[in-house]
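Here's the structure, in structure tokens; my notes come after.
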Amino acid sequence: MSVVEKGKVCVTGAGGFLASWLVDLLLSKDYFVHGTVRDPDNEKYSHLKKLEKARDKLKLSKADLLDYASLQSAIAGCSGVFHVASPLPSSPLPNPEVEVMAPAVDGTLNVLKACVEANVKRVVYVSSAAALIMNPNWSKDQVIDEACWSDLEFCKRSGNWYRASKTLAESEAFKFAKRTGIDLVSICPTLVFGPVLQQHTVNASTLVLANLLKEGFESRENQVRFIVDVRDVAQALLLVYEKQESEGRYVCTAHNAREKDVVEKLKSLYPNYNYPKSYVEVEERAIMSSEKLQKLSWTFRPLEETLVDSIESYRKAKILDC
Ligand SMILES: NC(=O)c1ccc[n+]([C@@H]2O[C@H](COP(=O)([O-])OP(=O)(O)OC[C@H]3O[C@@H](n4cnc5c(N)ncnc54)[C@H](OP(=O)(O)O)[C@@H]3O)[C@@H](O)[C@H]2O)c1
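My numbering puts the first residue of the sequence shown at 236, with every later residue one more than the last.
In structure tokens, the structure reads:
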């Protein structure tokens, strides 16, 4: 991309946890945002209409990832596209090939095809650390970076359909970009915590943190969690969109913390919740690095800020009550 064009950009799945923060950020930077949602009249998107500048600069339109014509009309006239929408189920689904794989993979290819047709200058695709970490051949002593890809068949064999979907979608996206020449950059976030803007839905990663405060688990594995703040991921998406030199994939992670340490921190801040009762130690994992993204000048906030802002927003949205 030669110059930053603050024209119209499209954000797919605009009402989701991450996309809502991205829309907010783009509006604050004076972009015109064309957000796609599946059901524009649904109350669950009401928070978007309340964002500053939304009245003048945000247009929502109905689009499903498997409905090419709907994507085509949402993307027409946009100079940039942030493809964020993808199914991220909180629990296993009965038919993952149809419910998870198809929207993630075919949906991404539909978005890219519509981008080529609309002559979009740059596409930023939200992939996931899920597309990197499921690689049994990667040595535990080797830092996981952009060179590492999850093993698709291994993901499927172990029933990790979400990880399979992100792995296949991202690799197919880069193959498509190579064939067509479209400028594609991907961001691979780890576990995303942070305050919620949406008030009527709870996404999967928010549920992970909320459950640590309310489920009272008897015992949990003391896994290393790779955590990043939703607002910092939104900043990363904008950064790679605007920086001319951005290319390829970017791991987006901020903190490596054992879950037990996260819980101890939460307990010291909010003692009166129903925390896990015990932890079982598990093997070390290879660590992940976002050095490439940091070289583009990406920075992130301290973990404590993320945790406090998350819990305060959960209280407001009554996520911890049920
Ligand atoms: N949260 C994390 O920890 C994390 C980590 C790494 C990567 N990611 C990636 O970040 C992105 C956003 O995740 P999130 O955490 O913000 O989850 P989210 O709140 O559940 O958002 C997912 C969005 O995808 C949309 N969507 C799903 N299937 C669709 C379809 N067939 N057609 C159109 N839209 C569809 C949903 O739209 P509706 O509003 O219509 O349901 C929703 O807006 C995803 O690509 C996910 O893989 C998330």
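Heads up, the beta-carbon is just placed ideally off N, CA and C, and yes, glycines get one too.
- Message: Between the region 454–464 and the region 388–396, can you find at least three pairs of beta-carbon atoms closer than 8 angstroms?
- Response: With the cut-off at 8 angstroms, the region 388–396 and the region 454–464 do not touch.
- For the region 312–396, list the alpha helix (DSSP H) runs that are entirely contained and at least 4 residues long, ordered along the chain. If we require 4 residues or more, the alpha helix (DSSP H) runs fully inside the region 312–396 come out as 337–352, 365–368, 387–392.
- Please say whether P511 and V498 have beta carbons closer to each other than 8 angstroms? Within the sequence shown, the letter at position 263 stands for residue 498. Within the sequence shown, the letter at position 276 stands for residue 511. Contact: yes.
- Task: Would you check if the distance between the CB atom of M369 and the CB atom of F461 is smaller than 8 angstroms?
- Result: Walking along the sequence shown from the start, residue 369 turns up at place 134. Walking along the sequence shown from the start, residue 461 turns up at place 226. Cβ distance not < 8 angstroms, so M369 and F461 don't count as in contact.
- Query: Should P430 and D544 be called a contact, given that it needs their Cβ atoms to be closer than 8 angstroms?
  - Reply: Along the sequence shown, one-based indexing puts residue 430 at 195. Along the sequence shown, one-based indexing puts residue 544 at 309. P430 places its beta carbon less than 8 angstroms from that of D544.
- Query: Could you give the distance in angstroms between the alpha-carbon of V558 and the alpha-carbon of S255?
  - Reply: For residue 558 there is no data in the structure shown, the boundaries of the chain being 236 and 557.
- Query: According to the neighbour-count rule (16 or more other Cβ atoms, all chains shown, within 10 Å of its Cβ), is K413 buried or exposed?
  - Reply: For this step, residue 413 is matched to residue 178 along the sequence shown. Exposed: under 16 other Cβ atoms inside 10 Å.
- Could you tell me the distance, in whole angstroms, from the CA atom of G250 to the CA atom of R357? Locating residue 250 in the sequence shown gives position 15, counting from the first residue. Locating residue 357 in the sequence shown gives position 122, counting from the first residue. Each residue's alpha carbon lies about 22 angstroms from the other.
- How about D259: is its Cβ closer than 7 angstroms to a heavy atom in ligand 1? Locating residue 259 in the sequence shown gives position 24, counting from the first residue. For D259, the CB stays at least 7 angstroms from every heavy atom of ligand 1.
- From which residue to which residue does the alpha helix (DSSP H) around Y476 run? For this step, residue 476 is matched to residue 241 along the sequence shown. First-last of the alpha helix (DSSP H) with Y476: 465–477.
- Check whether the Cβ atoms of E287 and S263 sit closer than 8 angstroms, and answer yes or no. Working through the sequence shown from its first residue, we reach residue 287 at position 52. Working through the sequence shown from its first residue, we reach residue 263 at position 28. Contact: yes.
- Which residue from A298, V361, V351, P338 puts its Cα closest to that of Q470? Taking the sequence shown and counting its residues from 1, the one referred to as residue 470 is at position 235. For Q470, the closest of A298, V361, V351, P338 by C-alpha to C-alpha distance is V361.
- Look at the alpha carbon of L542 and the alpha carbon of L501, and state the distance between them as a whole number of angstroms. Within the sequence shown, numbered from 1, the residue matching residue 542 stands at position 307. Within the sequence shown, numbered from 1, the residue matching residue 501 stands at position 266. If you take the alpha carbons of L542 and L501, they lie about 7 angstroms apart.
- Item | Boundaries (first-last residue) of the beta strand (DSSP E) holding V422 | Indexing the sequence shown from 1 puts residue 422 at position 187. Strictly speaking, residue 422 in this sequence is Ile, with Val absent from that position. Membership of I422 in the beta strand (DSSP E) is indicated by the continuous run 419–424.
- Between the beta-carbon of Y514 and the beta-carbon of K449, is there less than 8 angstroms? On the sequence shown, position 279 is the one that residue 514 refers to. On the sequence shown, position 214 is the one that residue 449 refers to. Their beta carbons are not under 8 angstroms apart, which means Y514 does not touch K449 by this criterion.
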